[in-house]
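Numbering-wise, the UniProt record's numbering puts 23 at position 23 of the sequence shown, and it's gapless, one number per residue. We put the beta carbon where it would ideally sit given N, CA and C, even for glycine.
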Amino acid sequence: MGKNLCEMVERMKVVIVLLVVQAALAGVIVFYKLALVEGMSMRVLIAYRFIFATA
């Protein structure tokens with residue numbers, strides 16, 4: 001039983017990582033939209049995005 005459980009956890013790692021990445025991307029999109037609604041310049045937002053992407 002323990003071996004089967006370990007194998008199942010190994011197979012689920014990919015799915016768990018996928019869900020975490022999707023949740024993180026959804027959070028980023030929400031924060032971008034909130035920043036734009038609050039009046040942040042689109043150019044500044046894009047500049048920040050490029051700066052953080054290269055870091």
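query = By Cβ distance below 8 Å, which residues in the same chain neighbour residue 22 in space, the five residues on each side in sequence not counted?
reply = none
request  = Output yes if chain B places a C-beta closer than 8 Å to the C-beta of residue 6; else output no.
outcome  = This model lacks chain B altogether; it includes just one protein chain.
task = Note down the Cα distance separating residue 64 from residue 14, rounded to an integer number of angstroms.
result = In the structure displayed, the chain extends from 1 to 55; residue 64 sits before or after that span and is not available.
request  = Go to residue 53, then tell me how far its alpha helix (DSSP H) extends in each direction, as first and last residue.
outcome  = 42 to 54
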